Amino acid sequence: TEARYGAFPSLKSWFISAGEWPRSNDDDTPSDDDGPHSLRGSGKPTGSWKAQIAHSTDGGNTWVSSLYEEDKFYFNGIDCEDDTHCCAVGESDQTSPSNGVRI
């Protein structure tokens, strides 16, 4: 899963939100007004929705996956108040079987 955003509440505690979305197989270059999950062209989408949160407690030397979802949504961002309180935002569109926004 591709890392998208990071939150670093302390020197050693780091969080990464990651995500992927279906893309058109005939046009992978979105225009400026297309969202990241916009499927342009007439080709069928390739890939799937993927969302992941990974956490490091040693400044990025090792990582543990705290959450992983597939075929539902992808993460847009993450922010942390401290080492134990974070908020992540995810989304999907009508091509997902469970479309909508998650916080």
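Add 1254 to the 1-based position in the sequence shown for the working numbering, that's all there is to it. Glycine included, each C-beta is placed from N, C-alpha and C at the ideal position. Only a predicted model underlies this, so the values are computations on that prediction, with no experimental measurement involved.
In angstroms with no decimal places, state the Cα-to-Cα distance between residue i and residue j.
| i | j | result |
| --- | --- | --- |
| GLU1335 | GLY1301 | 33 Å |
| ILE1332 | ARG1277 | 23 Å |
| ASN1330 | LYS1266 | 23 Å |
| PHE1269 | HIS1309 | 5 Å |
| GLY1314 | TYR1328 | 22 Å |
| CYS1340 | THR1311 | 14 Å |
What do you get for residue i, buried or exposed, if any count of 16 or more other CB atoms within 10 angstroms of its CB means buried?
| i | result |
| --- | --- |
| THR1316 | exposed |
| GLU1324 | exposed |
In chain order, what residues of the same chain have a beta carbon less than 8 Å from the beta carbon of residue i, not counting five sequence neighbours either side?
| i | result |
| --- | --- |
| LYS1326 | TRP1303, ALA1305, SER1346, SER1350, PRO1351 and SER1352 |
| GLY1260 | TRP1268, PHE1269, ILE1270, SER1271 and ILE1332 |
Provide the residue span of the beta strand (DSSP E) that contains residue i, from first to last.
| i | result |
| --- | --- |
| GLN1306 | 1304-1310 |
If you run the structure through DSSP and keep just helix, strand and coil, what is residue i?
| i | result |
| --- | --- |
| GLY1314 | coil |
| ASN1330 | strand |
| TRP1275 | coil |
| SER1264 | coil |
| GLY1301 | coil |
Under 6 Å Cβ to Cβ from residue i, same chain only, skipping five residues before and after it: list those, please.
| i | result |
| --- | --- |
| ASP1337 | PRO1263, SER1264 and SER1267 |
| LEU1321 | ILE1307 |
I'd like the list of long-range same chain contacts for residue i, defined as Cβ closer than 7 Å, with 5 residues on each side in sequence excluded.
| i | result |
| --- | --- |
| ALA1257 | ILE1270 and ALA1272 |
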